[in-house]
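In our numbering, the protein residues as written are 14 to 345.
Scroll down for the structure; my scribbles are underneath it.
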């Protein structure tokens, strides 16, 4: 990846509608994101019928409804995946989807998806990690709720199963929607990079866009952010997502920060070279000087412009003899 890889996370914000899913693809493409990501699962393979919803899900959906009932309505079948992948190609944006079970891994592999995203909840799922690792694809591993030992174990499983370390990017993330600022702990992303010597990024569940921008400034090479068509829509993830204008602003800001980071070599930039003569200073006379007089602090000074003798040579000049006549305010 030559630049920050930005994933616009549509997730389940399509509410089970292909029409809404395509509108989300339109928004992601228009924003300049590199990929739009959905979620692939079979409710029967993902969750028991008695599993409770997360607190944030109870707040954004019917609190009396089971988690199974909620996500069953959000499934996308194989034909929907194919249709959305085809539409992404038309819109010149990469299709991605996070698999949550073995059948979903197989489906996405059959569809030749190029990058596999592992969600935070699967980081301790040994059979799941082995399955994805055996595909030897590019892998993005989210680490919400995990400690360094669990990240180490997951990486070892992926690598031992057939995925080279060079194909893995680890995302720091806090699994809360929205994530409180005091729980972001963005420095942990750098810790992951230092400990494992691996590419890192950030999956952002905070409100707003500033933390994603800060992550890029700190070295993130992947940014993932949820977005929606409208935060007031019904569904579990809309409330903690960006709206279209915000997504566009985030992508633009990240691209600006990318350029601003530069190559790390400290030297005059092309745009500032022309200002050196204006902003810097030279050694000038502050009164008329006759040939043969000595230069001293009484007859020379330092002023703009900077196209004469540099004032860093001041000590070389003091006490030497003028070889010609000088007018006041004349460059040496």
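Just so you know, even glycine gets a beta-carbon here, dropped at the ideal spot from N, CA and C.
Computed from a predicted model, the values in this text were never measured in an experiment.
Between the Cα of residue i and those of the options, spot the shortest distance and give me the residue it belongs to.
| i | options | result |
| --- | --- | --- |
| residue 150 | 307, 125, 39, 266 | 125 |
| residue 300 | 345, 275, 265, 319 | 345 |
| residue 48 | 54, 38, 56 | 38 |
| residue 203 | 186, 269, 193 | 186 |
| residue 328 | 52, 35, 315 | 315 |
| residue 330 | 306, 319, 32 | 306 |
| residue 205 | 336, 232, 177 | 232 |
| residue 72 | 251, 25, 107, 208 | 251 |
| residue 140 | 170, 132, 246 | 170 |
| residue 134 | 277, 188, 325 | 188 |
| residue 338 | 114, 107, 312 | 312 |
| residue 163 | 152, 154, 145, 136 | 136 |
| residue 213 | 108, 277, 229 | 229 |
| residue 227 | 268, 209, 243, 244 | 268 |
| residue 109 | 103, 96, 129, 207 | 129 |
| residue 160 | 335, 67, 208 | 208 |
| residue 36 | 101, 156, 132 | 101 |
| residue 53 | 40, 29, 249, 220 | 29 |
| residue 62 | 68, 50, 82, 74 | 82 |
| residue 84 | 15, 249, 168 | 249 |
| residue 321 | 343, 308, 57 | 343 |
| residue 154 | 215, 324, 115, 240 | 215 |
| residue 177 | 184, 148, 198 | 148 |
| residue 15 | 238, 234, 145, 168 | 234 |
| residue 51 | 336, 310, 238, 288 | 238 |
| residue 308 | 145, 318, 319, 326 | 326 |
| residue 158 | 172, 291, 99, 201 | 201 |
| residue 336 | 324, 303, 310, 41 | 303 |
| residue 172 | 146, 183, 193, 195 | 146 |
Using the C-alpha atoms, what's the distance from residue j back to residue i?
| i | j | result |
| --- | --- | --- |
| residue 223 | residue 341 | 54 Å |
| residue 123 | residue 60 | 24 Å |
| residue 27 | residue 279 | 47 Å |
| residue 118 | residue 217 | 24 Å |
| residue 264 | residue 174 | 34 Å |
| residue 142 | residue 55 | 18 Å |
| residue 152 | residue 138 | 15 Å |
| residue 91 | residue 246 | 25 Å |
| residue 253 | residue 78 | 20 Å |
| residue 44 | residue 106 | 10 Å |
| residue 179 | residue 211 | 8 Å |
| residue 94 | residue 33 | 14 Å |
| residue 31 | residue 277 | 45 Å |
| residue 156 | residue 166 | 12 Å |
| residue 220 | residue 103 | 31 Å |
| residue 74 | residue 66 | 9 Å |
| residue 120 | residue 112 | 9 Å |
| residue 17 | residue 198 | 20 Å |
| residue 243 | residue 168 | 37 Å |
| residue 191 | residue 317 | 54 Å |
| residue 131 | residue 282 | 41 Å |
| residue 319 | residue 256 | 50 Å |
| residue 25 | residue 289 | 54 Å |
| residue 236 | residue 225 | 7 Å |
| residue 334 | residue 310 | 13 Å |
So what does DSSP say about residue i, is it helix, strand or coil?
| i | result |
| --- | --- |
| residue 80 | helix |
| residue 21 | strand |
| residue 316 | strand |
| residue 239 | strand |
| residue 16 | coil |
| residue 47 | coil |
| residue 209 | helix |
| residue 255 | strand |
| residue 52 | strand |
| residue 107 | strand |
| residue 344 | strand |
| residue 217 | strand |
Is residue i near the ligand ADP - that is, is its Cβ less than 7 Å away from at least one heavy atom of it?
| i | result |
| --- | --- |
| residue 295 | Absence of the ligand ADP from the depicted structure is noted, as is the absence of any ligand whatsoever, leaving it without description. |
Spell out whether any CB of chain C is found under 8 Å from the CB atom of residue i.
| i | result |
| --- | --- |
| residue 293 | No chain C appears in this structure, which consists of one protein chain only. |
Fill in: In chain order, each beta strand (DSSP E) run of at least 3 residues that lies wholly inside the region 125-192
With a minimum length of 3 residues, the unbroken runs of beta strand (DSSP E) contained wholly in the region 125-192 fall at 128-131, 151-155, 181-185.
Worksheet item: For the region 21-36 against the region 249-263, are there 3 or more C-beta pairs whose distance is under 8 Å?
Response: A contact exists between the region 21-36 and the region 249-263.
Practice prompt. Decide yes or no for the touch test of the region 288-308 against the region 266-278: beta carbon pairs closer than 8 Å, at least 3 of them.
Written response: Per the Cβ contact rule, the region 288-308 is not in contact with the region 266-278 (fewer than 3 Cβ pairs under 8 Å).
Practice prompt. Counting only runs of 4+ residues fully inside the region 258-341, write out the alpha helix (DSSP H) ranges in chain order.
Written response: Taking only runs of at least 4 residues, the alpha helix (DSSP H) segments lying wholly in the region 258-341 are 286-292, 327-330.
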